[in-house]
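Down below is the structure, laid out as structure tokens.
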Amino acid sequence: MSSRTLLTAALPYANGSLHLGHLVEYCQADMYVRALKRMGRDALYICADDTHGTPIELNAQRQGIEPLALVSRYHDEHKRDFARFDVAFDNFGLTHSDINRAVVERIYAELGKKGLLEDREMDGIWCEVDKRFLPDRFIRGTCPVCASADQYGDVCEVCGSTYTPQELKAPRCALCGTTPVVKKTTHVFFKISRDDMVGFLRKWIDSGSLQQDVANYVRNWIEGGLKDWCITRDGPYFGFGVPNKPGKFFYVWLDAPIGYIASSIEWGQRQGMSFDDAFNTLWRSSSTRVEHLIGKDIVYFHTLFWPAVLHAAELTLPSKVHVHGMLTIDGEKMSKSRGTFINAATFADHVDPQALRYYYACKYGAASDDLDLSFDDFVLRVNGELVNKHANLFSRCTQFLTQKLDGKLGDLPFGAKEAQGEPSGDGSLLDQARRVVQSARKAEQFFANRELGQAMRELSAIADIGNEYMQSAKPWDQLKTDPEKARETCTFAANVCHALAMYLWPVVPRFSEAGAALLGSTIDRMSSELLFAERKRPIGPQQRLFERIDRAQVDKVVEASKQTMAVASTDKTTSTAKPAAAQGAKGLPPVSAAPITVAPLKETVAYTDFEKLDLRVGLVTAAERVPKSKKLLKLMVDLGEEKPRQIVAGLGAVYEPEMLVDTRVIVVANLAPAKLMGIESQGMVLAGGEGESLSVLRIDRDLKPGSGVR
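Take 68 as the starting number for the sequence shown in our numbering and just add one per residue.
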């Protein structure tokens, strides 16, 4: 039986605009599926807007509209932005659909039959004024660890600590500002900690479905002990109600990944399948290979809870969960103040989106490394490769044919089948053709393995062969004595262009289609066996394939983004944050639900009180992330003592661990030890700012570790 690849990208959250960080994922998945289809594979690209949860409810409430109206607005906007960047889903749905509700209820019933669900009483946070249980995002207060004010009820965005709402100091309702109370409530838990589920997860993680570094990371979570997962929330809540449990709703992180299934069923129904046929064919069949492409920030859900749910419901498990890194711009995290937090629409207003697709493709790999968008490199690479190398070859050979040789291709001194042989290295025209075919075969393999950057290098090599041959053969000189030899030279170059149009299509489809039209051909397959068969026919009419870009265009994007974000920062309705466990879950960065204000000065202290602090210069000798925390880093800091101190710092959202190694920092050396996420911290590293502007206070001279600071 033939195999179908069903690829999903993480669901964008329908509570904000798409930005360039999102496009790292959606463009990569689009290129991968386009390549598979052109190579004759049966492949589907499935996605949907994630529509449920507290942030959407809160945002809609602030705007005085219904949640579904907010969702519909962003759903339409997302579809427009995806189209501008040539992201072509086979189905792009909404998780708020009758089909998704039906699948959620079916899976919920199956989990119950397997004895994996349990009702448990627990403490909830109740607002007497609003008469409702408050989700974590509806509770604000002071962090119990670092004492930062105005933090969420489950996580501190300053130090990265996680806690329960009951531990939050001075809690208040985010809606009315009153102090909530503790009240008993009952919720449904998925018993993922059961021995058979843990055993299954260990086996699945070792099956090769994950990249090795990701598998090691997830394995640490399992060895640290899994906690059963609360899959319901109290109403009012924008989501699906739980059958036979009035006032209870399914947690967004249960119905969101199930949205993959629902969206693929919608595709199946458009092909004439019934609900059950589509469900069984796509999610209960060995003929379907399910693959997910996700960011680092949602690994926990996609490699633990999601496969556990699928396994328990006897559905198809992911063959691969491809984890990609995050986007940095000019080596730094995207920043609203610097104008590098760029919405997709803002970029497309000033720069051809194909340029970004091309640049991303050159940087993509199968590993989970971060991707850096260097603006200077972006301009140089797009102009140097897409324009000067690829587009220029199309232009040189077709213009010459049109202006000098009746716009017609000639013949080649070898047959198309001969070009399929191994290169001889003799430099002949046949040898050059075989080198093109060899690179094309390599590109096919790289596309199939999602090594897009490697594929692009092979396409660059193909373009080099065509350009170098044109330059060395000099058809403009050949024309003077042997016009047909000049036609042969241009025919060879046109066949190289034909290969480029064929293999660049997954990356820059509009460029490739225009290039094929320029050659007078139509390309609907990607196979090296089709190369060097273009002969003895007219080419198409002349047209420009791509315009050069300049740094001024990029600067306009940055300036426009600064203005957009300045407006957004004064508008409380722009929050895109999801519940803490899912922050950034759809590629969206955590954004505070309330405006951030400068904290008032604390009470004046005497100099003798300040003298009690022992501030020392510390040299960071090692750094690593704290498992299960997005913001905590474990640092080893040399303070001139017998051995380095272990300090836990909430810097992980801004700094990668390796960025801090060999950095001289300021440490509160006499702070009483404290435990964060079960790890003892023997001091505090000083930093300024909050959120994206958080910055470690550094020493700008090579002072000896342990030197005093005053």
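Built from N, CA and C at the ideal position, the CB exists for glycine as well.
(message) Going residue by residue through the region 131-195, where are the continuous beta strand (DSSP E) segments of at least 3 residues, counting only ones entirely within it?
(response) Listed in chain order, the complete beta strand (DSSP E) runs (minimum 3 residues) inside the region 131-195 are 158-161 and 184-194.
(message) By alpha-carbon positions, which one of Val357, Tyr93 and Gln421 ends up nearest to Arg71?
(response) Within the sequence shown, numbered from 1, the residue matching residue 71 stands at position 4. Ranking Val357, Tyr93 and Gln421 by Cα distance to Arg71 puts Val357 first.
(request) Given a cut-off of 8 Å, decide if Leu479 and Phe613 are closer than it, judged by their beta-carbon atoms. (result) Within the sequence shown, residue 613 is the residue found at index 546, counting from 1. Within the sequence shown, residue 479 is the residue found at index 412, counting from 1. Going by C-beta atoms, Phe613 is not nearer than 8 Å to Leu479.
(message) Rounded to the nearest angstrom, what separates Leu585 and Gln609 at their Cα positions?
(response) The sequence position of residue 585 within the sequence shown is 518, counting from 1. The sequence position of residue 609 within the sequence shown is 542, counting from 1. Taking the straight line joining both Cα atoms gives about 6 Å.
(message) With the cut-off set at 8 Å, would you say Gly362 and Lys430 are in Cβ contact?
(response) Reading the sequence shown from its first residue, position 295 is the one you call residue 362. Reading the sequence shown from its first residue, position 363 is the one you call residue 430. At the C-beta level, Gly362 and Lys430 stay beyond 8 Å of one another.
(request) Could you work out which residue in Asp591, Arg577 and Asn562 is closest to Glu601 when comparing CA atoms only? (result) Locating residue 601 in the sequence shown gives position 534, counting from the first residue. Among Asp591, Arg577 and Asn562, the Cα nearest to that of Glu601 is on Asn562.
(message) Please report the straight-line C-alpha distance between Gly226 and Thr348, rounded to a whole angstrom.
(response) Residue mapping note: residue 226 aligns to position 159 of the sequence shown, counting from 1. Residue mapping note: residue 348 aligns to position 281 of the sequence shown, counting from 1. One detail in the question is off: residue 226 reads as Cys in this sequence, not Gly. The C-alpha of Cys226 lies about 47 Å from the C-alpha of Thr348.
(request) Give the secondary structure of Trp296 by DSSP, where H, G and I count as helix, E and B as strand, and everything else as coil. (result) As a position in the sequence shown, residue 296 is number 229, starting the count at 1. Under the three-state reduction of DSSP, Trp296 is assigned to strand.
(message) Would Cys464 and Ala566 qualify as a contact pair, given that the criterion is a beta-carbon distance under 8 Å?
(response) Taking the sequence shown and counting its residues from 1, the one referred to as residue 464 is at position 397. Taking the sequence shown and counting its residues from 1, the one referred to as residue 566 is at position 499. Judged by beta-carbon spacing, Ala566 lies beyond the 8 Å limit of Cys464, meaning their Cβ atoms are not closer than that value.
(request) Count the CB pairs spanning the region 449-462 and the region 513-531 that are closer than 8 Å, and state whether there are at least three. (result) Flag = yes, the region 449-462 and the region 513-531 touch.
(message) Quick check on Pro122: buried or exposed, where buried means 16 or more other Cβ atoms within 10 Å of its Cβ?
(response) On the sequence shown, position 55 is the one that residue 122 refers to. Around the beta-carbon of Pro122, 16 or more other beta-carbon atoms lie within 10 Å, marking it buried.
(message) Quick check: the Cα distance between His142 and Ala127, rounded to an integer number of angstroms?
(response) Reading the sequence shown from its first residue, position 75 is the one you call residue 142. Reading the sequence shown from its first residue, position 60 is the one you call residue 127. Each residue's Cα considered, the two are about 14 Å apart.
(request) Mind reading off the beta-carbon distance from Gly302 to Phe316? Whole number of angstroms is fine, and I expect it under 8 Å. (result) Residue numbering aside, residue 302 sits at position 235 when the sequence shown is read from its first letter. Residue numbering aside, residue 316 sits at position 249 when the sequence shown is read from its first letter. Taking a contact as a CB-CB distance under 8 Å, the pair Gly302 and Phe316 counts as one, their CB atoms being some 6 Å apart.
(request) Jot down the residue ranges of each uninterrupted alpha helix (DSSP H) in the region 232-277, minimum 4 residues, whole runs only, in chain order. (result) Unbroken alpha helix (DSSP H) runs of no fewer than 4 residues, entirely contained in the region 232-277, are found at 262-272, following chain order.
(message) List, from N- to C-terminal side, the alpha helix (DSSP H) runs of 4 residues or more that fit wholly inside the region 372-418.
(response) Taking only runs of at least 4 residues, the alpha helix (DSSP H) segments lying wholly in the region 372-418 are 373-379 and 411-417.
(request) Return the Cβ separation of Pro211 and Leu235 in integer angstroms, given the expectation that the two are a contact with Cβ distance under 8 Å. (result) If you number the sequence shown from 1, residue 211 lands on position 144. If you number the sequence shown from 1, residue 235 lands on position 168. Rounded, the Cβ-Cβ distance is 6 Å, consistent with contact.
(message) For His89, tell me which candidate among Gly220, Gly208, Leu184 and Asn410 has the shortest Cα-Cα distance.
(response) As a working mapping, residue 89 is identified with position 22 in the sequence shown. Measuring from the Cα of His89, the nearest candidate turns out to be Asn410.
(message) Taking only three categories from DSSP, how would you classify Ser659?
(response) Residue numbering aside, residue 659 sits at position 592 when the sequence shown is read from its first letter. In this prediction, Ser659 scores a pLDDT of 29, lower than 50, which makes its location untrustworthy; no coordinate-derived value is stated.
(request) Classify Lys363 as helix, strand or coil using the three-state DSSP reduction. (result) The residue given as residue 363 occupies position 296 in the sequence shown. Lys363: helix per DSSP, three-state reduction.
(message) Could you give the first and the last residue of the continuous beta strand (DSSP E) run that contains Met744?
(response) Here residue 744 corresponds to residue number 677 of the sequence shown, with the count starting at 1. Met744 -> no beta strand (DSSP E), and no H or E assigned at all.
(request) Go ahead and pull the three-state DSSP assignment for Tyr219. (result) Against the sequence shown, residue 219 aligns to sequence position 152. In the structure shown, Tyr219 sits in a strand (DSSP, three-state: E or B).
(message) With H, G and I counted as helix, E and B as strand and the rest as coil, what does DSSP make of Ala581?
(response) Taking the first residue of the sequence shown as position 1, residue 581 is located at position 514. Helix, per DSSP.
(message) Using only the alpha-carbon positions, how far apart do Glu596 and Ala483 sit?
(response) Start at 1 with the first residue of the sequence shown, and residue 596 comes out as number 529. Start at 1 with the first residue of the sequence shown, and residue 483 comes out as number 416. When rounded, the distance between both Cα atoms is 8 Å.
(request) Pick helix, strand or coil for Arg204, following the three-state DSSP scheme. (result) Locating residue 204 in the sequence shown gives position 137, where the first residue counts as 1. Three-state DSSP puts Arg204 in a helix.
(request) Give the secondary structure of Gly750 by DSSP, where H, G and I count as helix, E and B as strand, and everything else as coil. (result) Translated into positions along the sequence shown, residue 750 becomes position 683. DSSP places Gly750 in coil when its eight states are reduced to three.
(message) The alpha helix (DSSP H) that contains Lys471, what's its start and end?
(response) In the sequence shown, residue 471 corresponds to position 404, counting from 1. For Lys471, the enclosing alpha helix (DSSP H) covers residues Asn459 to Lys471.
(message) According to DSSP, His86 sits in a beta bridge with which residue or residues?
(response) Start at 1 with the first residue of the sequence shown, and residue 86 comes out as number 19. In DSSP, His86 forms a bridge with Asn410.
(message) Measuring straight from C-alpha to C-alpha, what distance separates Lys742 and Ser748?
(response) Walking along the sequence shown from the start, residue 742 turns up at place 675. Walking along the sequence shown from the start, residue 748 turns up at place 681. When rounded, the separation of the alpha-carbon atoms in Lys742 and Ser748 is 6 Å.
(message) Can you check which of these residues, Ala553, Thr548 and Lys547, is closest to Gln538 by C-alpha distance?
(response) The count along the sequence shown starts at 1 and reaches residue 538 at position 471. Among Ala553, Thr548 and Lys547, the Cα nearest to that of Gln538 is on Ala553.
(request) For Tyr536, name the three-state secondary structure that DSSP assigns. (result) Locating residue 536 in the sequence shown gives position 469, where the first residue counts as 1. Correct three-state label for Tyr536: helix.
(request) Specify, as a first and last residue, the run of the beta strand (DSSP E) that Asp617 falls within. (result) As a working mapping, residue 617 is identified with position 550 in the sequence shown. In the DSSP assignment, Asp617 falls outside any beta strand (DSSP E) and carries neither an H nor an E.
(message) Between the alpha carbons of Thr370 and Pro385, how many angstroms are there, rounded?
(response) For the purposes of this step, residue 370 is taken as residue 303 along the sequence shown, with counting starting at 1. For the purposes of this step, residue 385 is taken as residue 318 along the sequence shown, with counting starting at 1. Near 9 Å, if we compare the C-alpha coordinates of Pro385 and Thr370.
(request) Buried or exposed for Gln95, please, with buried defined as at least 16 other CB atoms from any protein chain shown within 10 angstroms of its CB. (result) As a working note, residue 95 is residue 28 in the sequence shown. By the neighbour-count rule (16 or more Cβ atoms within 10 Å), Gln95 is buried.
(message) Tell me the DSSP secondary structure of Thr121 in three-state form.
(response) The residue you call residue 121 lines up with position 54 of the sequence shown. Helix, per DSSP.
(message) Rounded to whole angstroms, what is the Cα-Cα separation between Ala522 and Ala216?
(response) Your numbering for residue 522 matches position 455 in the sequence shown. Your numbering for residue 216 matches position 149 in the sequence shown. So the alpha carbons of these two residues sit roughly 50 Å apart.
(request) Would you kindly work out how many angstroms separate the C-alpha atoms of Trp320 and Leu184, rounded to a whole number? (result) Taking the first residue of the sequence shown as position 1, residue 320 is located at position 253. Taking the first residue of the sequence shown as position 1, residue 184 is located at position 117. The C-alpha of Leu184 is placed about 16 Å away from the C-alpha of Trp320.
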